[in-house]
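Inspection log for the structure reproduced underneath, given as structure tokens.
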Amino acid sequence: MAHLQQSAVKQIEEICDRYKDEDTPLMMILSDIQKEYGYIPLEVQELVSEKTGIGVAEIYGVVTFYSFFSLKPKGKNVVGCCLGTACYVKGAQQVIDKFSEILGIKPGETSEDGMFTLDALRCIGACGIAPAVQINGTVYPKMSVDKVAPLIEQYKGGQA
Amino acid sequence: MELININIEGQDYQVEKGLTILEAAKKCGYNIPSLCTYNHGECSLASCRVCLVEASENNGPKKLVASCVYPVSDGMKVTIGSPKATQARRTSVELLLSNHNRNCQECEKNGKCELLYVAQVTGAREGMYEGAKTPTTVDRLTPSIMRDTSKCVLCGRCIARCGKAHGLSVLGFERRGFNTIVGPAENRSFQNSPCILCGQCTTVCPTGALMEVSEIDKVDAAFAEGKHVVVQVAPAVRAALGEEFDMKIGTPVTGKMIAALRRLGFEKCYDVNFGADLTIMEEGTELLHRLTEGGTLPMITSCSPGWINYAEYYYADLLDHLSTCKSPHQMQGAVIKSYWAKQKGYDPKDVFVVSVMPCTAKKFEKDRPEMANKNGKDVDAVLTTRELARMIKRSGINFSRLPDEDWDQDIMGEYTGAAVIFGVTGGVMEAALRTVYFKLTGKEYGKIAFNEVRGNDAGIREASLDIDGTTVNVAIASGMRSAKVLLDEIRAGTSKYQFIEIMGCPGGCINGGGQPYVKPCFLPNEDDDILDTYKAKRAQALYSEDERQVVRQSHNNKQIQELYEKFLGEPNSHLAHELLHTSYNPDRERFD
């Protein structure tokens, strides 16, 4: 707990208070924290536990169950490759492998310079434009192995 | 109570509305195998699918349902033994076994394993679904509890018990799908999680995934080295040990237990009750000091090491409220290695003290740095009731044919009725009040039983005592969920009590984490409601022993009086503090 900055403690407590009248506030609290900070480390889970009375193990269970939540900081650019059925049969595996190769990280990892996180997603509902890749919320349709390197360059150059 | 008509296997029955099929079937005389459901829905995730039956409602088609959660309805037809239902249950078990570490022969749960039981009754076949296995974590870092995820069936009972008893939920499900495991957050060891090591999870685990860390090997080594091995046994053990030898729950087996200990080779067999009487002298005196000289009140008992762990992790600001007394077996261990060893002419280093306890947290307690002095550790090994049973069984002793023998009562060992009831929630309080009353008034309390504080559930109970015009308010709680209420009152400055007893496990030591497993599937001769009644039955075994004792107040124990005259001086003397009192650690990190 000692590792958290006072301002962060205050903000997380404020987030918990937002949902104090809800019967099951945990998902909403964790979503807000994830959006605000990009990750939910154990120290933060302890704080949420103290505020809500929900056990740390239960909170940790929820955080590790949903791929939306992250225990570690995500990179500046979050690359999500859809590996749902439609994208997969259209070659999504090769696309994510290419991202992996160029960025030097496995799915679920973040590059050392903190620029990129690579995630494998299950169906994002964009089957008509498969294989789809999502970067920071922007969807790129009909991806192919050849398009991967230029796309990464775009984001390296600072385009968001 | 509304009754409805159902039909099971072609027979008509009337059952209570609102029951699950599993509960209704049980009342009608059918045992449907199940794993994840436990103790009236304390846990019922319906995740294991071992209890599948065929049911049809409103003359509709039969479908497979999980009987542990599916409620009965009027006119329902249930089939348990149809080929479809029996094969479905068998498949469920075979799937569980496919991701299970099947080293059953070496598993210490062998003979008590509910997964093996359901495998047997469902007729599970070998190696039906071989494939990948979930990555395994084995945690043997604490002296108390080990966790082996390769044996876990993800039933969730331990999670439910940890939450229900203590509101702690140290354990939880983590990760997802095939990688799901049960453990403390971050899959940490119990060692660096805020686990109080009470062992309640081990009492509900159906398999060998959660068990005590055995110290039988340490005891064997001490015998092999030719040490003077002395055993001391906690009160609650005698109320439950018989269960390990197929006796009815609540059968006191004190005499046979002592006979067994002698045959196991222990040089002396002492009752921790002597230590309990000593604790009362020390703790009663401490309470008197605090009452009359303005010490920190309310004073809280310190016998339960699970509770001590909880206090250090969660209420470090209230540690001044805890009595500084060591727990009875630690006190007695310290006396054995000093007073007793001296009288015997033994070097304390050649004396090996074994405690048999209903508790897993005691294993941790005995290793605490505060529990040792120049004579070494107060206690060298702690065995649970279950481990003692294992030692008796492997030695070929036919327990039920043993004669009744008595404790050694040479230099120490005499005990009173006050000490016996330490094993029940409210017992320490009751015993202490008998002595405090005497010290304050010079008279014995007329009605010896303080019924207001008797009981065996996990709630909070309180009483007010009039001691010669002074009102003393007392309260007791067992299980940290109840204790938290009293502790929050103290923190807020609104507590009206002078003396509080807190026990780690719901119901006190008789329901400790080291006691024999109460698993209805292995207890065919007990009533269906045994999970509701076993605590009361074990408690009764102790209360009846209290009533049999002629001397029922600790201060009237002759050998205790002698111990003070010859050795300790008086209660809370300098030497008593050195040997019998302890201190607490306010700096324990919950996740270090």
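Chain order of the listed sequences is A and B.
Residue 31 in numbering that gives the first Met the number 0 sits at position 32 of the first sequence, with consecutive numbering throughout.
Residue 218 in numbering that gives the first Met the number 0 sits at position 219 of the second sequence, with consecutive numbering throughout.
For every residue, glycine included, the Cβ atom is placed at its ideal position computed from N, Cα and C.
Item, Value
"Delimiting residues of the beta strand (DSSP E) encompassing Ser-477 of chain B", "469 to 477"
"Contact check, Ala-131 of chain A vs Met-114 of chain A, beta carbons under 8 angstroms", "no"
"Test: Gln-33 of chain A CB closer than 8 angstroms to a CB of chain B", "no"
"Between the CA atoms of Glu-281 of chain B and Ile-79 of chain B - distance to the nearest angstrom", "59 angstroms"
"Three-state secondary structure (DSSP) of Arg-634 of chain B", "Beyond the ends of chain B as shown, which are 0 and 591, falls residue 634 of chain B; an answer cannot be given."
"C-beta contact flag for Pro-304 of chain B and Val-271 of chain B at 8 angstroms", "no"
"DSSP three-state assignment for Cys-126 of chain A, whether helix, strand or coil", "helix"
"Check: Asn-556 of chain B C-beta below 7 angstroms from any heavy atom of the ligand GDP", "With respect to the ligand GDP, the structure shown offers nothing to examine, as it has no ligands at all."
"C-beta neighbour in chain A for Phe-590 of chain B, strict 8 angstroms", "yes"
"Beta-carbon gap between Ile-39 of chain A and Ser-6 of chain A smaller than 8 angstroms", "no"
"Cys-42 of chain B - partner residues in DSSP beta bridges", "B:Tyr-37"
"CB-CB length for Pro-142 of chain B against Phe-363 of chain B, believed under 8 angstroms", "5 angstroms"
"With 16 other Cβ atoms within 10 Å as the buried cut-off, status of Pro-205 of chain B", "buried"
"Leu-41 of chain A at chain B interface by Cβ criterion, 8 angstroms", "yes"
"C-alpha gap between Ala-418 of chain B and Gly-425 of chain B, whole angstroms", "12 angstroms"
"Contact with chain B by Ala-7 of chain A, beta-carbon distance below 8 angstroms", "no"
"Neighbourhood of Arg-547 of chain B by C-beta distance below 8 angstroms, restricted to the same chain and skipping five residues each side", "Gly-416"
"Gln-560 of chain B, buried or exposed, once every other Cβ within 10 Å from all chains shown has been counted against 16", "exposed"
"Within-8 angstroms CB hit, Ala-56 of chain A to chain B", "yes"
"CB contact flag (Asn-98 of chain B, Thr-133 of chain B, <8 angstroms)", "yes"
"Inter-residue Cα distance where the pair is Tyr-87 of chain A and Pro-72 of chain A", "28 angstroms"
"Runs of alpha helix (DSSP H) lying entirely within the segment 129 to 209 of chain B, each at least 4 residues, in chain order", "156 to 165 and 199 to 203"
"For Tyr-139 of chain A, the nearest candidate out of A:Val-94, A:Gly-103 and A:Pro-106 (CA to CA)", "A:Val-94"
"Residue-level contact to chain A via CB, Pro-183 of chain B, 8 angstroms cutoff", "yes"
"Other residues of its chain near Gly-79 of chain A: CB distance less than 6 angstroms, five sequence neighbours each side excluded", "Asp-118, Leu-120 and Gln-133"
"According to DSSP, residues forming a beta bridge with Thr-116 of chain A", "A:Val-77 and A:Thr-109"
"Residue-level contact to chain B via CB, Glu-111 of chain A, 8 angstroms cutoff", "no"
"Interface partners of Gly-162 of chain B on chain A, CB under 7 angstroms", "Gly-54"
"Three-state secondary structure (DSSP) of His-573 of chain B", "helix"
"Three-way DSSP call (helix, strand, coil) for Phe-498 of chain B in this model", "strand"
"Beta-carbon proximity check, Val-203 of chain B vs Arg-261 of chain B, cutoff 8 angstroms", "no"
"Positions along the segment 168 to 198 of chain B whose CB lies within less than 7 angstroms of some CB in chain A", "Ser-168, Val-169, Leu-170, Gly-171, Phe-172, Glu-173, Arg-174, Arg-175, Pro-183, Ala-184 and Glu-185"
"Partners in chain B for Gln-44 of chain A, counting only beta-carbon separations shorter than 9 angstroms", "Ala-184"
"Segment contact flag, the segment 245 to 257 of chain B with the segment 427 to 444 of chain B, C-beta cutoff 8 angstroms, min 3 pairs", "no"
"Secondary structure of Asn-135 of chain A, DSSP reduced to three states", "coil"
"Whole-angstrom distance between His-227 of chain B and Gly-441 of chain B, CA atom to CA atom", "41 angstroms"
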